[in-house]
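Here the structure is laid out as structure tokens; the discussion comes afterwards.
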Amino acid sequence: MLGSYIACLFLASFIGPAFLSSQLPMPTHGEKEAMCEKTALEGCLRKLQTFLRVKELPFTAVEKDLDLLCEKAMSGYNCSQMLYANADCLMQKDKDMIPVFTPMAEYMYFMLCKSKKAGSGYLRESFLSNSECILKHKEEIDCCAKETNISNLPIRHFLEESDKPIEIRTTRTCCPISRYTQCMSNIAQSNCGDSAKNFTSEYILRASGNQIQVVCDKLPDFPDTDTDTCPEPAKICSDAITAQQQKNIEVCLGLVLVLIWVSNKQFL
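Numbered according to mature numbering (1 follows the signal peptide of the UniProt record, and there is no 0), the sequence shown spans residues -30 to -1, 1 to 238.
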């Protein structure tokens, strides 16, 4: 049932251009067995999800490091295709998910990485220019994930709850995305500016996947959904962070006052 539902959702949503595909030779039976063990050990699916795990979204201001992330994602794409071609490599639920994650990974690659495809890397410069500031606030971003209880892979969370009513699945998946996007965007805007806010929001929503956006867009004004539909998350860590920031400000102000007093004493 999960496989058929995934297929329907996959075909009904925008998938985007297939720009990572490469002509890979089909392995022999012996090569398949060897490849199966090797790719499993290397964490093939995790590489495929390099830009998809919303609680672990990579940020870097160093272009070489971004290129390495892109290579990792490409490696994950290629080995996942090999895994998918060999039914014995994966449990059925993982085999069902590869056609879902593949177009998501393709689009994130298109968005952030260099390729021969026209328009590729269209958010690459924004990624590099905003990452340094965003990384300075990682503690607050981690707190956003903790308080909103967002799933690392929202599309998987949604599909694996196929036994529940669609309304419940929608709110349980989309409300955390809504609140997480708002939380991270607010941090980015208040500390790094509008460009960082816009990039962060786009990054999260694209990483969540176009398939899940089709579902979540049914909520009013998603991702800025009202509190009646998506209640505000409980404060688990943000109050403590705010209190610590306030304390740091007070300490800094105290030091400034001491320096001013010392400076004035020198002129007396």
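No residue lacks a Cβ here, since even glycine has one placed at the ideal position from N, Cα and C.
Rounded straight-line distance, which links the Cα of residue j to that of residue i
i                : j                 : result
isoleucine 147   : threonine 140     : 11 Å
leucine 60       : arginine 126      : 16 Å
asparagine 180   : cysteine 113      : 25 Å
lysine 63        : tyrosine 54       : 12 Å
phenylalanine 97 : cysteine 153      : 18 Å
glutamate 110    : aspartate 58      : 42 Å
cysteine 200     : isoleucine 120    : 13 Å
isoleucine 68    : phenylalanine 128 : 15 Å
glycine 163      : alanine 88        : 29 Å
isoleucine 138   : leucine 15        : 28 Å
serine 90        : aspartate 198     : 39 Å
lysine 42        : serine 85         : 14 Å
methionine 52    : asparagine 161    : 43 Å
glutamine 159    : lysine 188        : 26 Å
asparagine 56    : glycine 46        : 15 Å
cysteine 145     : valine 32         : 33 Å
threonine 20     : asparagine 122    : 12 Å
lysine 134       : isoleucine 182    : 16 Å
Cβ shell of residue i (< 6 Å), same chain only, five flanking positions each side left out
i             : result
threonine 30  : Leu36 and Ser101
proline 28    : Leu39
threonine 72  : none
lysine 17     : Lys42, Ser45 and Gly46
serine 155    : Lys167, Thr170 and Ser171
glutamate 130 : none
Exposed unless 16 or more other CB atoms sit within 10 angstroms - verdict on residue i
i              : result
threonine 195  : buried
valine 24      : buried
valine 185     : buried
isoleucine 206 : exposed
isoleucine 104 : buried
lysine 34      : exposed
lysine 167     : buried
isoleucine 136 : exposed
Rounded distance between the beta-carbons of residue j and residue i, thought under 8 Å
i             : j           : result
threonine 151 : proline 193 : 4 Å
cysteine 40   : cysteine 83 : 4 Å
residue 243   : proline 203 : Any property of residue 243 remains undetermined from this structure, which presents the chain solely from -30 to 238.
serine 171    : proline 124 : Not quite, the Cβ-Cβ distance comes to about 15 Å (not below 8 Å), so this is no contact.
Close beta carbons around residue i, own chain, < 8 Å, minus the five adjacent residues each side
i            : result
tyrosine 173 : Leu27, Leu93 and Phe97
serine 165   : Ser96, Ser99 and Asn100
Same chain, Cβ closer than 7 Å to residue i, five either side skipped, listed in chain order
i             : result
residue 239   : No answer is possible for residue 239: the residues shown for the chain start at -30 and end at 238.
alanine 115   : Lys25 and Tyr150
methionine 74 : Leu22 and Gly179
histidine 107 : Ile157 and Asn161
glycine 13    : none
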